[in-house]
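Have a look at the structure below before the remarks.
Protein chains in written order, with our numbering: chain P, 10 to 308; chain E, 10 to 308.
Structural data, given as structure tokens:
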């Protein structure tokens, strides 16, 4: 049995079980660090009494995270604006409490791992469009990390031709992808969320234009076998055909592999039933069990 | 001893030796397929008489290439506009002539492998800016491939604010990165190459703006430890500081790891002395020797 956490800015989803399914799950709302991590650790302690021992923990966390194994700050949340969470080391909390191996990656990279397994591919992009826009990438079967980790939600996009008056909501870039197409951007521009707008409202085509530009850039930069689009905004299923069309328009027949059929098969909603990030956390915990731990420094 | 080819649209650079250096190199200009491959095979036959047997071949080739090992067309050049070279299968030519293992990847992916080894990193982007713009990527120590391979030279870029009159030269996208910042784009816009323009000519800052946008997108999408900028256009060394500044401006302090020091250390010219693509071809040949061949179908 494994322990998994999808650690988000508003809630921590915790589970025991494995990637096939959780035996038990709990949601802890994200408050101050000590209260939140206290509640998380109590859940795992209690769950072990009911279900037996945990072999390892996997964490898919909000970030940015330090993921360079050579860094003394490995596993920490770094420059988050979330009060109190800067420099928090979730793996260390878990390791101190339970003395077990802990693996960590970004929430979106964990989700990408889960979706890659569900789709049976090794090259995949997972995109979540909600309060922000996050992108997790699996390349050659491993999550994409290097100097930092991908932050493709902040891609600089071209503006939709008629979209000239809106400055965008990203505090760093103004009109980057997140600034133009996240949930808060949609609300700031139209005064409501997409689902409250009629199907012929220009908001839909405009939203698809931006998401399609991200998909085209992912194809040109990453050559994914699947692009999985999740998050609250993408729960509007009617966005998918519009996004596929916008993606192909942006590629302009340059990539021979991409046509209507490919787009229908490869630009898709998430397949995981439980949250993809939680399923991914089980998978990275499992992988951690099968290799020498890189977390000796935690002891 | 290994055999290596950097196969380009104007010339094939062939060598025998290993990634430490070639014992002998030859340049064959790219003509019709039979003449070109005939000359290439003669070189390797003669070189083996002088230097002894070759264990395997590595090819870094122009493309697009089919790199899906499950495809019957694996190893072929696909939709190239180069007359006569569509569907050409360089590995099959070599295998028919010599009966040895052959590994193939794109020219830019091979170059990325070589530069990753030179820099001692596993996450790297190699960019060449010349007749076209090509990008090779190493992720987790392997080259980036999936559905197709990266074609990040065709990234859709934002225009430099004052760059309004020029339509771009890309036959697919017009004003994508290659359409705006390749050698032919520079010539079409300014009537000359960059090196003929004075240091205060606006062409320099504009060129750096586009290349910096590529670097920022690579950082956001790929988190490379190094971005290596090569090719004829980047031989103008004074572009490097301008590109670094443009990259940081595009990121707008979003990526905590990237500052002036990182940019100076990580956005750099190629380190390989021999062509990076040739060195990479030796490295992929070497890797091919150490695993079961996936080229049985060639027999």
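We put the beta carbon where it would ideally sit given N, CA and C, even for glycine.
Distance, Cα to Cα, residue i vs residue j?
i, j, result
"residue 303 (chain E)", "residue 109 (chain E)", "Per-residue confidence for residue 303 (chain E) stands at a pLDDT of 49, beneath the threshold of 50, marking its modelled position as unreliable; no derived number is given."
"residue 190 (chain P)", "residue 49 (chain E)", "52 Å"
"residue 186 (chain E)", "residue 63 (chain P)", "50 Å"
"residue 55 (chain E)", "residue 100 (chain E)", "19 Å"
"residue 77 (chain P)", "residue 254 (chain E)", "25 Å"
"residue 131 (chain P)", "residue 232 (chain P)", "11 Å"
"residue 16 (chain E)", "residue 39 (chain E)", "8 Å"
"residue 71 (chain E)", "residue 51 (chain P)", "57 Å"
"residue 143 (chain P)", "residue 73 (chain P)", "11 Å"
"residue 264 (chain P)", "residue 244 (chain P)", "28 Å"
"residue 92 (chain P)", "residue 19 (chain P)", "12 Å"
"residue 206 (chain E)", "residue 300 (chain E)", "50 Å"
"residue 270 (chain E)", "residue 237 (chain E)", "16 Å"
"residue 65 (chain E)", "residue 30 (chain E)", "16 Å"
"residue 308 (chain P)", "residue 95 (chain P)", "Unreliable positioning characterises residue 308 (chain P) in this predicted model, as indicated by a pLDDT of 37, which lies under 50. The coordinate reading is nonetheless provided below. Straight-line Cα distance between these residues: approximately 22 Å."
"residue 79 (chain P)", "residue 61 (chain E)", "43 Å"
"residue 138 (chain E)", "residue 272 (chain P)", "30 Å"
"residue 45 (chain E)", "residue 105 (chain E)", "15 Å"
"residue 183 (chain E)", "residue 168 (chain P)", "16 Å"
"residue 124 (chain P)", "residue 85 (chain P)", "25 Å"
"residue 197 (chain P)", "residue 196 (chain E)", "43 Å"
"residue 249 (chain E)", "residue 133 (chain E)", "17 Å"
Please state whether the Cβ-Cβ distance between residue i and residue j is less than 8 Å.
i, j, result
"residue 192 (chain P)", "residue 241 (chain P)", "yes"
"residue 47 (chain P)", "residue 34 (chain P)", "no"
"residue 234 (chain P)", "residue 156 (chain E)", "yes"
"residue 214 (chain P)", "residue 194 (chain P)", "no"
"residue 173 (chain E)", "residue 145 (chain E)", "no"
"residue 121 (chain P)", "residue 147 (chain P)", "yes"
"residue 37 (chain E)", "residue 53 (chain E)", "no"
"residue 165 (chain P)", "residue 225 (chain E)", "yes"
"residue 217 (chain P)", "residue 199 (chain P)", "no"
"residue 135 (chain E)", "residue 239 (chain E)", "yes"
"residue 128 (chain E)", "residue 280 (chain E)", "yes"
"residue 87 (chain E)", "residue 75 (chain E)", "yes"
"residue 294 (chain P)", "residue 112 (chain P)", "yes"
"residue 152 (chain P)", "residue 118 (chain P)", "yes"
"residue 28 (chain P)", "residue 126 (chain P)", "yes"
Count the other CB atoms, across all protein chains shown, that sit within 10 Å of the CB of residue i; report buried if there are 16 or more and exposed otherwise.
i, result
"residue 278 (chain E)", "exposed"
"residue 158 (chain E)", "buried"
"residue 210 (chain P)", "exposed"
"residue 297 (chain P)", "buried"
"residue 305 (chain E)", "Unreliable placement is indicated for residue 305 (chain E), whose pLDDT of 49 sits below 50; the coordinate value is still reported in the next sentence. Burial call: exposed."
"residue 268 (chain E)", "exposed"
"residue 282 (chain E)", "exposed"
"residue 221 (chain P)", "buried"
"residue 181 (chain E)", "exposed"
"residue 43 (chain P)", "exposed"
"residue 26 (chain P)", "buried"
"residue 292 (chain P)", "buried"
"residue 288 (chain P)", "buried"
"residue 285 (chain P)", "buried"
"residue 82 (chain P)", "exposed"
"residue 12 (chain E)", "buried"
"residue 247 (chain E)", "exposed"
"residue 58 (chain E)", "exposed"
"residue 256 (chain P)", "buried"
"residue 69 (chain P)", "buried"
"residue 201 (chain P)", "exposed"
"residue 161 (chain P)", "buried"
"residue 154 (chain E)", "buried"
Can you name the residues of chain B whose CB is closer than 7 Å to the CB of residue i?
i, result
"residue 148 (chain E)", "Reference to chain B is not applicable here, since the protein chains of this structure are P and E."
With 9 Å as the C-beta to C-beta threshold (strictly closer), list the residues of the region 159 to 190 of chain P near chain E in chain order.
159, 160, 161, 162, 163, 164, 165, 166, 167, 168, 179, 181, 182, 183 and 185
Chain E contacts from the region 218 to 237 of chain P (Cβ-Cβ distance under 9 Å)
222, 225, 226, 227, 228, 229, 230, 231, 232, 233, 234 and 235
Mind listing which residues of the region 243 to 268 of chain E have their C-beta closer than 9 Å to chain P's C-betas, in chain order?
259, 260, 261, 262, 263, 264, 265, 266 and 267
Inside the region 219 to 298 of chain E only - alpha helix (DSSP H) runs reaching at least 4 residues:
248 to 260, 269 to 275 and 285 to 298
Alpha helix (DSSP H) segments (min. 4 residues) lying fully within the region 51 to 135 of chain E
99 to 107 and 116 to 128
Counting only runs of 4+ residues fully inside the region 149 to 219 of chain P, write out the alpha helix (DSSP H) ranges in chain order.
186 to 190 and 192 to 199
Which of the residues in the region 71 to 104 of chain P, read from start to end, lie with their CB under 8 Å from any CB of chain E?
73, 87 and 88
Taking a Cβ distance cut-off of 7 Å, strictly less, list which residues of the region 108 to 128 of chain E are near chain P, in chain order.
none
For a minimum of 3 consecutive residues, which ranges assigned as the beta strand (DSSP E) are wholly contained in the region 18 to 51 of chain E?
20 to 27 and 30 to 38
Near-chain E residues of the region 200 to 219 of chain P - C-beta to any C-beta below 9 Å
none
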